[in-house]
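Asks: If you read the sequence shown in the working numbering, its first letter stands for residue 7, the second for the next number, and so on.
Where a beta carbon is used, it is the ideal one built from N, C-alpha and C, also for glycine.
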Amino acid sequence: MDLLNTLVDKGLRRESPTREEALAVLATSDDDVLDVVAAAGKVRRHWFGRRVKLNYLVNLKSGLCPEDCSYCSQRLGSKAEILKYTWLKPDQASAAAAAGVSGGAKRVCLVASGRGPTDRDVDRVSDTIRAIKEQNESVEVCACLGLLSDGQAERLREAGADAYNHNLNTSESTYGDITTTHTYADRVDTVHKAHAAGLSACSGLIAGMGESDEDLVDVVFSLRELDPDSVPVNFLIPMEGTPLAKEWHLTPQRCLRILAMTRFVCPDVEVRIAGGREVHLRTMQPLALHLANSIFLGDYLTSEGQAGHTDLEMIADAGFEVEGAGEVTLPEHRASAVRGGGCGSHEGGGGCGSHEGADGDAGCGAHAGGGVCAPASTAPRPAEEPRTDLVAVRRRGAGTDLAPNA
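1. I'd like the list of long-range same chain contacts for T134, defined as Cβ closer than 6 angstroms, with 5 residues on each side in sequence excluded.
2. Quick one: grab the DSSP three-state call for I212.
3. Relative to the C-alpha of A118, which residue among L211, L89, E310 is closest?
4. Which residues in the same chain as A165 place their Cβ atom closer than 7 angstroms to its Cβ, once the five residues preceding and following it in sequence are excluded?
5. At which residue ranges does the region 158–232 contain complete alpha helix (DSSP H) runs of 4 or more residues, listed in the order of the chain?
6. So, helix, strand or coil for L60, using DSSP?
7. Look at the alpha carbon of E319 and the alpha carbon of D156, and state the distance between them as a whole number of angstroms.
8. Over what stretch of residues does the beta strand (DSSP E) that includes E146 continue unbroken?
9. Look at N61 and C148 and say whether their C-beta atoms are less than 9 angstroms apart.
10. What three-state label does DSSP hand E21 in the structure shown?
11. Measure how close the beta-carbons of S206 and A169 come, nearest whole angstrom, since I'm counting them as under 8 angstroms.
12. In chain order, which continuous runs of the alpha helix (DSSP H) of length 4 or greater are located wholly inside the region 247–324?
13. Are the beta-carbon atoms of L242 and E231 separated by less than 9 angstroms?
14. For A382, I'd like the list of residues in its chain whose CB is within less than 6 angstroms of its CB, leaving aside the five on either flank, ordered along the chain.
15. Kindly indicate which residue of L229, V223, M215 has the alpha-carbon position closest to the one of P244.
16. Who are the Cβ neighbours of D6 in its own chain at under 8 angstroms, not counting the five residues just before and after it?
17. Taking 9 angstroms as the cut-off, decide whether the C-beta atoms of D125 and L153 are in contact.
18. To the nearest angstrom, how far is the alpha carbon of H286 from that of A46?
19. Tell me which residue opens and which closes the beta strand (DSSP E) that A45 is part of.
20. For D219, which residues in the same chain have their Cβ closer than 8 angstroms to its Cβ, ignoring the five residues on either side in sequence?
21. Ignore the nearest five residues each way along the sequence and tell me which others in G348's own chain have a CB closer than 6 angstroms to its CB.
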C-alpha cells in the first residue's frame with residue numbers, strides 16, 4: 007500500500023501518521039501536489055463534509071506590543087506603518103463583530119496586542135463578549151489576548167467566551183530564534199489553561215519564517231499532543247518594518263503540502279487557513295478548501311484580506327458551502343467533549359488535534375501505478391519572488407471611520 011493510501015486510512019481512523027510519513031508529504035514534488043490534495047481531501051470530507059466555517063477577526067487594540075515576535079507588525083520596535091489605537095469600547099467591538107456575522111461568519115475572534123491581559127483587561131473583554139452575545143446569541147466568540155494568568159480563562163468563559171486562541175507558531179527547538187521576550191513553554195501553559203477552564207482551545211502555526219520541514223512536522227505533532235479543537239495555519243505575511251520582511255520562501259504548492267500534512271496529522275480537527283492565504287496561495291486558494299474546513303472572512307488584524315464577497319464566491323464556485331450558525335463544526339466525538347468542558351481523550355489514548363498568527367495575530371505523492379517518490383532528504387527550495395504588491399496595511403474597519411471588509 008502506498009504512502010497516500012496509508013495516510014488516508016489512518017486519517018479515517020483518527021490515527022497519527024509517523025514523523026517519516028509526515029515529512030514525506032512535505033517532500034513531494036510539485037508534479038504530485040494534486041495527488042496529495044486529493045488524498046487529504048478524502049480525510050477532510052469524511053470528518054467535515056463540504057462545509058466551510060467562516061471566522062471574523064476584530065482587532066480590539068492595535069500595535070504598541072512589548073513583545074518582540076519577529077513575524078509581527080505590532081511587535082516592540084516595529085516600523086510597520088500599521089493602525090495604532092487603544093481598546094475599542096464594547097459597542098464599537100460589537101458593531102465590528104456584527105459586520106462579520108452579517109457576512110456569514112460563525113465565529114468572532116477578539117484579538118488584542120500585548121504580552122497578556124491584566125485583570126482590568128479581562129473585565130473589559132468580558133463586557134465586549136457580553137455585548138456581542140446580546141446582539142448575536144448564536145455566534146461563537148474566541149478570545150486571543152496573549153499569555154493568561156491563573157483564573158483569567160475561567161472568567162472569560164463565565165462571560166460567554168467559547169474558545170481561546172494561542173498559537174505555538176513554530177517548533178520548540180527554534181522558538182527562541184523568533185521571540186525572546188517569552189518562551190515556548192509559556193505558550194503551552196496558556197493552551198493548558200484554556201483547556202482546563204473548559205474553553206475550546208485553538209492553537210496553530212506560522213509557516214514561511216525560514217523553518218525546515220522538520221520544524222513544521224515538530225510543531226504540528228506538538229499541536230496534536232496539545233489536542234486543540236482548531237488549528238489555524240498562518241503563512242507569514244512579510245510586512246515591511248519587521249525583521250522577517252525579506253522572508254519569501256513559500257509557493258502555492260508548498261502551502262498546499264503544509265495544509266495537507268496538517269490535515270493528515272490532525273484529521274478530525276478544524277484546520278483553518280489563516281493569515282497570508284491571499285499572498286502565498288493566491289489563485290490556488292480554492293484547492294486549499296479541499297484540505298482546510300475553515301477560513302477567515304475579509305481582513306486580518308493589520309493587513310487587508312480578500313474582499314468578503316470574493317471569499318463567498320470562491321467557496322461556492324469550488325463546490326463548498328458556508329457552515330450555518332446552527333451546525334456543529336466538530337465531529338460528534340469532539341463536540342460532545344467540548345460541551346462537557348474541555349476536549350476529550352481519544353481512542354488509543356492519543357489526541358487528534360492538532361495568538362497571533364502571521365498577521366493575526368497572521369510532499370511525497372503517489373503516482374499512477376501506486377508508487378511513491380520520496381527523496382532521502384529535501385533540498386532547499388528557491389525563495390518565492392517577493393509579491394509586496396499583495397501586502398496591504400489595513401486602513402478600514404475597527405479603529406477607523408471606514409466600513410469593514412466583510
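Replies: The answer reads as follows:
1. Locating residue 134 in the sequence shown gives position 128, counting from the first residue. Same-chain partners within the cutoff: P96, A99.
2. One-based indexing of the sequence shown puts residue 212 at position 206. Three-state DSSP puts I212 in a strand.
3. Position 112 of the sequence shown holds residue 118. Among L211, L89, E310, the Cα nearest to that of A118 belongs to L89.
4. On the sequence shown, residue 165 is found 159 positions in, with the first residue counted as 1. S132, I135, R136.
5. Segments of the alpha helix (DSSP H) lying fully in the region 158–232: 158–164, 181–184, 190–202, 219–232.
6. By 1-based counting over the sequence shown, the position of residue 60 is 54. Correct three-state label for L60: strand.
7. The residue given as residue 319 occupies position 313 in the sequence shown. The residue given as residue 156 occupies position 150 in the sequence shown. Each residue's Cα considered, the two are about 43 angstroms apart.
8. Within the sequence shown, residue 146 is the residue found at index 140, counting from 1. Segment 146–150, the beta strand (DSSP E) holding E146.
9. Taking the first residue of the sequence shown as 1, we reach residue 61 at position 55. Taking the first residue of the sequence shown as 1, we reach residue 148 at position 142. Yes. Within cutoff.
10. If you number the sequence shown from 1, residue 21 lands on position 15. In this structure, DSSP gives E21 a state outside helix and strand, which the three-state scheme calls coil.
11. Taking the sequence shown and counting its residues from 1, one reaches residue 206 at position 200. Taking the sequence shown and counting its residues from 1, one reaches residue 169 at position 163. Correct: roughly 4 angstroms between the Cβ atoms.
12. 258–271, 283–286, 291–294, 314–323
13. What you label residue 242 is simply residue 236 of the sequence shown in a count that begins at 1. What you label residue 231 is simply residue 225 of the sequence shown in a count that begins at 1. For the 9 angstroms CB-CB criterion, L242 and E231 do not form a contact.
14. The sequence position of residue 382 within the sequence shown is 376, counting from 1. Any reading at A382 must be qualified, since the residue scores a pLDDT of 37, below 50, and its modelled position is unreliable; the value itself is stated next. Result list for A382: empty, nothing under 6 angstroms.
15. For the purposes of this step, residue 244 is taken as residue 238 along the sequence shown, with counting starting at 1. Closest by C-alpha distance to P244, out of L229, V223, M215, is M215.
16. With the chain covering only 7 through 412, there is no way to say anything about residue 6.
17. Position 119 of the sequence shown, counted from the first residue, corresponds to residue 125. Position 147 of the sequence shown, counted from the first residue, corresponds to residue 153. Note that the C-beta distance between D125 and L153 is not below 9 angstroms.
18. For the purposes of this step, residue 286 is taken as the residue at position 280 of the sequence shown. For the purposes of this step, residue 46 is taken as the residue at position 40 of the sequence shown. Spanning the two alpha carbons is a distance of roughly 20 angstroms.
19. Reading the sequence shown from its first residue, position 39 is the one you call residue 45. Premise fails: A45 lies in the alpha helix (DSSP H), 39–54, not in any beta strand (DSSP E).
20. Taking the first residue of the sequence shown as position 1, residue 219 is located at position 213. Result list for D219: L29, L32, A33, T384, in chain order.
21. Within the sequence shown, residue 348 is the residue found at index 342, counting from 1. Low confidence applies to G348: its pLDDT is 39, below 50, so where it sits in the model is not reliable enough to give any reading.
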